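Novice: Chains A, B, C and D are the protein sequences, given in the same order.
Quick note: the first sequence, position 41, residue 41 per the UniProt record's numbering, numbers continuous.
Quick note: the second sequence, position 353, residue 353 per the UniProt record's numbering, numbers continuous.
Quick note: the third sequence, position 9, residue 9 per the UniProt record's numbering, numbers continuous.
Quick note: the fourth sequence, position 3, residue 3 per the UniProt record's numbering, numbers continuous.
By construction, the Cβ of each residue, glycine as well, lies at the ideal position given by its N, Cα and C atoms.
Owing to the predicted nature of the structure, the values given are computational and were not obtained by experimental measurement.
Sharing a structure below in structure tokens format, with a few things to ask.
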Amino acid sequence: MFTPGLYHILFISTALFFIGVFGFLTRKNLITILMSVELILNSVNLNFIAFNKYLWPDKLDGLFFTIFIIAIAAAEAAVAIAIIINLYRSHHSIDVDNAEEMKY
Amino acid sequence: MNLTLLILVPLITAIALLLMRNKQQVKWLALTGATVQLVLAFVLLFTYRNEVASGNAEQFLFQQQYDWFPSWYISFHLGVDGISVAMILLTAFVVIAGVLVSWNIDRMPKEFYFLLILLSFGAYGFFLSLDLFILFFFLEIAVIPKYLLIGIWGSGKKEYAANKLALMLMGGSALVLVGLLGLYFSNPERTFDLVKLSHLDIPVYIQKICFPLLFVGFGVFTALFPFHTWVPDGHSSAPTAGSMFLAGISMKLGGYGCLRVAAYVIPEGAKEYADIIIVLSTIAILYGAFATMMQKDLKYMNAYSSVSHVGFVLFGIGMLTKTAITGAVIQMVSHGLMTALFFAVIGMIYERTHTREVNEMGGLLKVMPFITTVLFIVGLCSLGLPGLSGFVAEVTVFMGAWEHPDFFHRFATILACMSIVVTAVYILRAISRTAMGPIKESYSNLTDARWNEKLAAIILIAGIIAIGVAPFWLNNLISPGAEIIMQKFSVAP
Amino acid sequence: MNEFLTLMKPELQITIIIFLLLFIKLSKGIKNDLLLLIIQNLLLLNFIAGFFFNAPGNLFDGMYQTNTLIAFQKSILNLGIYLISLLFTGWFRKTEHLPEFFILMLSALLGLDFLISSGNFLIFFLSLELATIPIAAMANFDLEKKISSEAAMKMILSSAFSSGILLFGISLIYGATGTINFEALPAQLDGSTLQILSFVFLITAFAFKLSIVPFHLWTADVYEGSPIAATSFLSVISKGAMAFVFISVLYRVFQPMHQVWYNMVMLLSIITMIIGNLFALRQQNIKRFLAFSSIAQVGFILVGITANSPEGISSVVYFILIYTVSNLTAFGVAAAISSQTGKEKIEDYKGLYQTNPLLSWVMALALFSLAGIPPTAGFFGKLFLLTAGASNANYGFILIAALNMIVSLYYYLRVIRSIFMDKNEQPIEKINIHPSTKFAFIICSAGIVLIGMLSWIYDYIQSLNP
Amino acid sequence: MLNATTIALIPLLPLAGFLVLGLFGRKYFKNSSGIIATILLLAATILAIYTAYGYFFEYGKVNGVYEKFIPLKYTWLQFSEGVSIDMGIMLDPITCMMLVVITFVSLMVHIYSLTYMKGEERFATYYSFLGLFTFSMLALVISSNVFQIYIFWELVGVSSFLLIGFYYDKPSAVAACKKAFIVTRFADLGFLIGILILSFYSGTLDFSALIQRLTTPGSAELSAALSSSFMGISALTWAMVLVFIGAAGKSAMFPLQIWLPDAMEGPTPVSALIHAATMVVAGVFLVARLFPVFALSAPDALRLVAYVGAISALLAAIIACTQTDIKRVLAFSTISQIGYMMFALGVSKYGGEGGLGYTASMFHLFTHAMFKALLFLGAGSVIHFIHSNEMKDMGGLRKYLPVTHITFLIACLAIAGIPPFAGFFSKEEILSAAYQNNMIIYWIALFTSGLTAFYMFRLYFGIFWNKAPSLKERAGGEAHAHGEGGFAMMLPLILLATGAAAAGFIPFGNFVSSDGKGSESAFHLQFSIAPVLFGLTGIFIAMWLYKKENNKPDIIAASMNGLYKSAWNKFYFDEMYLFVTKKILFNLVAKPAAWIDKNVVDGLVNATGNTTMFISKKIKGIQSGKVQQYAAYFLVAAIAVAVLFIYWWK
């Protein structure tokens, strides 16, 4: 039976991180962008769990951190979606390219 | 003599000016403040002389020291030697004349006088301070009022000029700041105190770094070539009193700083760079003079001639002999009085003819004998006529410069001497085109100077003649200070 | 329990105020004016109370730390909040959801307070988010303005992205050292590649909040779009608090890697000053202008931070204090003008002095202080930052900083020029300033003049250094 | 004993006049200013004569030698140990002689001007300027310090400037005063540098110490000054040459003579005082003052003095023959005569028989002051009468101006060197000094003396004889109502004529000599034949050509076309100077300097600002407004910093 080691998990989490980043940078829909952020956060969660399990199994710092990140992510998403709704009201679109009035 | 008084009087005057409501009384208040300051300056002069005569051999007299930012080892340290006393006298003269000249200013007089007095506050503080931090503090205080004076009350390309002036001067003070910090961190006591610093051994490599920073930094204020270009634009755009203060006081801040801070505290650095200073200042002297020849605007002329004249200050400092340094200080005083007067006269003429182009004037002697007489006197002073202050200063610088027997210094001195001819050319050109020749029809009913203008001119002329006819008192005042500075240069030239 | 109450006093005070506001919000029918008066007085009390019963100590196994310096830093933030409540009276009175705005702002402040006191990456992260998310909501408070929601969107997305990277960095640190505790961390640091990488990721979070170039790009847009009260909170309170945290993290936690972060901070500082100044040169909108100028100011703060000495800390704290009053004054004047006339462009200020001399002087004072012109306090603040930074004898760096002061002077003078020199056919009419704003202007002006002159303030800060 | 106060009062009285009239004259002494100034000067004259008398006959001589007598010395400006500018009084024979000459001529001019300048708007100013000049000139001659002389040197320069430009609304006067000042200023530059060199080597600025140190053979100062050299010429010689340049400028010697003819734009009495009798001989005085140093330590420099003097004498005389403006003729004649004085000094030796040139030079200075002042004042009367300077407007005036005519004739005879008038004696001494030392100069001088007689009598005949006066068309009848100008104008003429006629009989050599010992002037009858013959020839030619109106002069002028034309154009010196100043200095130095300042130096400053703005514009694209781009920059920057610090910057 193949038991995944730390590096496997780190590989996945890093991949997840960059997928998230890529999504953040390329998607035009604000909701999708928000989802990309969630991906990034989840990759971090994976990191924490993996480090905790493989490297520092006697401490629970990583696990707790993960829990808090999930909570915060929820809060952040709530506010973000509120803002997006507001943006939709004023711009009638949730395309990120429509909101670039301020520049230079 | 309580030196704090000299700082407090302008400060209180400035604050009182701000709080004043009645626009008519503003000028009287400013005049009162300036007069009190002039009286104080004279009291300082006499008490200083008495003190020295009674055998007080300390370098700086009337020292006062208050703690200020003790965690940085900064203290509010005041004290004067002969050089500072001379500069303070100069400032007092120029300030009172400046206040008088701008008597009839109609646009925002309160703010105008406030800025004038604030500027003088900076200058007084600068000349009195013995702590480099507060010296720098006062130096910067004196910059922004100039910007506002030019920008608000100026003429011509005033905004451009004001910006250029403020930025170049601030650039200079930025260099000064870095140099000061270099000194501060390289001395084991971590002190900004001038007296202490001058007795500490600062590592030579630090001196070589800090000297150019400080000298160029202060040099920008003193129109060191090639950092002089704020001078023509700044002076010519400024209102009359602004130009007077700028050339009469502000440029002297730099000269004093070059001498007191750069040369005095950093002797090794000064020795290292003396030749470069001489080259640059010789260029400034001649080049300024030649550039003046081409100017048609009286204010531009005087501004360029200031570049040339102030070149003598740096030239004298670069020579590093007691006589030359004394000459440099005399030149500062002399040029301060003279150029302030020159700008005052130009202002008076401009107010009447509404032009500063020499080619458009002529024959003004007929309608304004007083003003043109003053113009003659100040012009003759500028070209170094004996009996007026310019001669004393230039001759002292030349004599001091000539103490170096080598070819380089000789050559530079001869070149510098040549400027007296060029100066004669442009001064006479200016005088003859404005005052002499047939008068224009449209000018034939202009009026002569009013009482305030007369008083201002007379005060400055009194100073010029007092130095020109009896230079010994000024020389005796300054040369001990110059001597102490020279003691730092252990190797005689 | 007693210890809990004394050590966590600042946070508890704020929490109490937040709850009070929530209750007030429940009971409808209170007019904005009265409400504002209550809030202002509460905040004043909060500020004053900040000076009493301060003691050093730890809570929760060192997750929460405090000492007198930290208490003083919090007092600076409290002062800032109080001034904000006074300065933007004009805008507050008009806004529909006044209690919410203050609840959000105070939550952010609470976050910042915790942030300063954090002794652990967990609480650091939590408080950072607490200090960020409400601001995004605040940014959206001008509901009728399109740019307000745009600003909020940019804020929340950028901060989410930034916290993603921060978390990634923290996770790497955790992986590399096995601890997230500030006390335990220094012993584990050896400057390995992984640690440097994670450290850089960590720094980006600070850089984001402090608007250090090139992590600053959200700043200007958010500042411009947000209501001016939110902008000033962002640019003054949040930035100040972040600087405090940054300096304590660098000095305490990453002291073993100080050679690395010294160079890094220096590099960032130079870029920040230069880019901030270059952008500020061309700005037309006063808020955007102040945004870029505050970016350049951060460059100077970084100069002080490079000192790596007690002087560094005290000069940064001192500067933040000065920066708080100066920048808030500038925002206050801008707000007073824009809330009455809606004008926010610098060129609209032409001839302001003709109609509003006092307001002009206040603005001039603030700008001079920001530019570092004596006798305003900004001069001393900047000078001490540079002096502290110069203790490393890196004079080239100091020279760059000093030369940048000239560029910054140029654009501050641009505003001065508009106000005092330029002629305008139709200058801004006489602005009616609310008495409480006036009061704030007086406090600020006095602060701008006196904080520098009264040298004991600096000495007091210096003495707080543990 | 002579006391310092008495002597100091001599210059101070005119100074008081200057101050009082200058400050209050316009208001309070509009009409009385002339009288006030004259009275003050009369007092000064009396004091001067008293002083001179006291010096020459009572106190001056110590053991048969006229010693330098220094009753006052006050340190005015201390430079360094031993080197200071002192204000002092030093009496020696030439000083005393100069005191008398200056006060006397000045008094004459003051009196003369009472009428001549009457009705001028700036009457008081005129007298105050005269006072300033007299003060400066007197203080110059009593100077005890080489810098003191420089100071008053400049002051006489400026008073000359002010007086030349007295008619300030006349553009030609304005140009002339500028020119005079700038040319002499240029020369003063040499003087100044010369002083600097002298002070450096001698370690003093005091005349007596300086002369003593630099003439004592083997003294440390002298050997240092001789041993250091530049371009193969010793420092001392350089110094003396430079000092001489200053002297040449003030005395309008070749090639710096260009300012003097133009200076005739000033009021005629002023020309008489400043540009004939006193200021222009200051150069001679300076060389005489430093004569021991010239003669004993820098003979090369002295030789230069001689040749410059001789060339000036000849050139100016040639030019004078062609000029038609009577004041200009006199101006060139002045240059020529000063040339005589200069080369007399130049050929002289120090002490004994060889020192004849020195005595002769001073003697000629003395007599020249008399007759040249007389000539100018006479010309002034003519101009006052006829309202023109041009010879072509004159003629036959002897009937209208009898006193002027006679006195003018006396002066002409004196300058032509016809015995027994004053000029004869002094010129004879000069020629004999030249004869003893340098034959080339002797022949030049002899020829010049013939020319002198010719042009002076050309002038004389042209004014007083020649064609009949055409007064009516000139200025209308009423202009001549004032005739010769009354007593105030005639008295100076008569007094000066007396001097011009009789001054030659003073045994000058007894009083003034190079070493102060005094010498008997030997009078050789045979020697005088040649100069007198040359003089008479000149007179007769002039009589033949100009006594009656005829066209002979034109024919001769036409036959010598090239020479005449170039002489008439003053040998194109003005043009050369104009070329150098306008074309070279102005266009090639000043213009580029101003251009560089505006475009290069200032351009750099502006370019710094513009570049900053340019970069600022260029980089604005970074702030694109797209939040995703912000994030991209964020990430790239984070990785870049990480890479930078992981791999390169440890």
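1) Would you mind working out which of D:D206, D:A16 and D:I326 sits nearest I85 (chain D), comparing C-alpha positions?
2) Going by beta carbon distance, what residues of the same chain come within less than 8 Å of K110 (chain B), once the five residues before and after it are set aside?
3) Is F186 (chain D) close to chain B? Criterion is C-beta to C-beta, closer than 8 Å.
4) If we ignore side chains and look at the alpha-carbon of each, how far apart do D188 (chain D) and L213 (chain B) end up?
5) In the DSSP assignment, find the unbroken alpha helix (DSSP H) run with L72 (chain D) in it and report its ends.
6) Going by CA-CA distance only, name the one from D:M341, D:M97, D:C177 and D:L13 that's closest to T134 (chain D).
7) Give the residues of chain B in contact with F135 (chain D), contact being defined as C-beta atoms less than 7 Å apart.
8) Pair every Cβ in the region 282 to 292 of chain C with every Cβ in the region 326 to 343 of chain C, then say whether three or more of these pairs are closer than 8 Å.
9) Using Cβ-Cβ distances below 9 Å, what residues of the region 213 to 246 of chain B are close to chain C?
10) Let me confirm a value: N569 (chain D) is counted as buried when at least 16 other C-beta atoms fall within 10 Å, else exposed. Which label applies?
11) Might you give, ordered along the chain, the residues of its own chain that have their beta carbon closer than 8 Å to the beta carbon of I428 (chain C), omitting 5 neighbours on each side?
12) Please confirm whether S616 (chain D) has its beta-carbon closer than 8 Å to some beta-carbon of chain A.
13) Using 10 angstroms around the beta-carbon of R89 (chain A), count the other beta-carbons present and answer buried if the total reaches 16, otherwise exposed.
14) Looking only at DSSP bridge pairs, what is T66 (chain C) linked to?
15) If the criterion is Cβ atoms closer than 8 Å, does the pair residue 654 (chain D) and F191 (chain D) meet it?
16) Kindly say whether A631 (chain D), judged by its beta-carbon, lies nearer than 8 Å to any beta-carbon of chain C.
17) Flag this pair as touching only if the region 280 to 299 of chain B and the region 444 to 456 of chain B have three or more C-beta atom pairs under 8 Å; answer yes or no.
18) What separation, rounded to the nearest whole angstrom, lies between the Cα atoms of A184 (chain C) and L69 (chain C)?
19) So with Cβ pairs under 8 Å, would you call A594 (chain D) a contact of chain B?
20) My guess is that W465 (chain D) and R398 (chain D) are in contact by the Cβ rule of under 8 Å, so how many angstroms apart are they, rounded?
21) Give the range of the alpha helix (DSSP H) segment to which H77 (chain B) is assigned.
22) Does the count of Cβ pairs from the region 51 to 70 of chain B and the region 28 to 40 of chain B closer than 8 Å reach three?
23) Show which residues of chain D have a CB atom less than 7 Å away from the CB atom of K146 (chain C).
24) On the premise that F225 (chain B) lies in contact with A284 (chain B), defined as a C-beta separation below 8 Å, what is that separation, rounded to the nearest angstrom?
25) Since I believe L3 (chain B) is in contact with T13 (chain B) (beta carbons under 8 Å), could you give me their beta-carbon distance rounded to a whole number of angstroms?
26) Measure the C-alpha to C-alpha separation of I555 (chain D) and S566 (chain D) and round it to an integer number of angstroms.
27) Over what stretch of residues does the beta strand (DSSP E) that includes D86 (chain D) continue unbroken?
28) Let me know the secondary structure DSSP gives Y307 (chain D) once reduced to three states.
29) Name the chain E residues that come within less than 8 Å of G387 (chain B), Cβ to Cβ?
30) Beta-carbon of L34 (chain A) versus every beta-carbon of chain D: anything under 8 Å?
31) Among residues of its own chain, excluding the 5 on either side of G57 (chain C), which ones have a beta-carbon nearer than 7 Å to its beta-carbon?
32) Only counting the same chain, and skipping five residues up and downstream in sequence, which positions put a Cβ closer than 6 Å to that of T75 (chain D)?
33) I'd like the list of long-range same chain contacts for L367 (chain C), defined as Cβ closer than 7 Å, with 5 residues on each side in sequence excluded.
34) Rounded to whole angstroms, how far is the Cβ of S449 (chain D) from the Cβ of G535 (chain D), which I believe are closer than 8 Å?
35) Just to confirm my understanding: we take L259 (chain B), look at its own chain, exclude 5 residues before and 5 after, and list those with CB closer than 6 Å. What are they?
36) Starting from Y66 (chain D), follow its DSSP beta bridges and name the residues at the other end.
Specialist: With the structure as the only source:
1) D:D206
2) In its chain, beyond the 5 residues on either side, L17, L18, M20, K23 and V26 have a beta carbon closer than 8 Å to the beta carbon of K110 (chain B).
3) yes
4) 39 Å
5) Premise fails: L72 (chain D) lies in the beta strand (DSSP E), F69 to S80, not in any alpha helix (DSSP H).
6) The shortest C-alpha separation from T134 (chain D) is found at D:L13.
7) Chain B residues near F135 (chain D): none, gap ~10 Å exceeds 7 Å.
8) yes
9) L213
10) Per the 10 Å Cβ criterion, exposed.
11) I337, T341, K343, D348, Y349, G351, L352, T355 and N356
12) no
13) exposed
14) C:G57
15) For chain D, the structure presents residues 1 to 650; residue 654 (chain D) sits outside this window and is missing.
16) yes
17) no
18) 22 Å
19) yes
20) 7 Å
21) That residue, H77 (chain B), is in no alpha helix (DSSP H); its beta strand (DSSP E) goes S75 to V80.
22) no
23) By Cβ distance, chain D contributes nothing, its closest Cβ being about 13 Å from K146 (chain C), past 7 Å.
24) About 4 Å; that satisfies the 8 Å criterion.
25) No, T13 (chain B) and L3 (chain B) are not in contact; Cβ-Cβ is about 17 Å, not under 8 Å.
26) Between the alpha carbons of I555 (chain D) and S566 (chain D) lies a gap of roughly 16 Å.
27) Start and end: V83 to L91.
28) helix
29) This model lacks chain E altogether; the protein chains it does include are A, B, C and D.
30) no
31) Leaving aside the five residues that flank G57 (chain C) on each side, the residues in its chain whose CB is nearer than 7 Å to its CB run, in chain order, E3, L7 and T66.
32) Cβ within range, chain order: S84 and D86.
33) A330, Y412, V415 and I416
34) 6 Å
35) I317
36) D:K61
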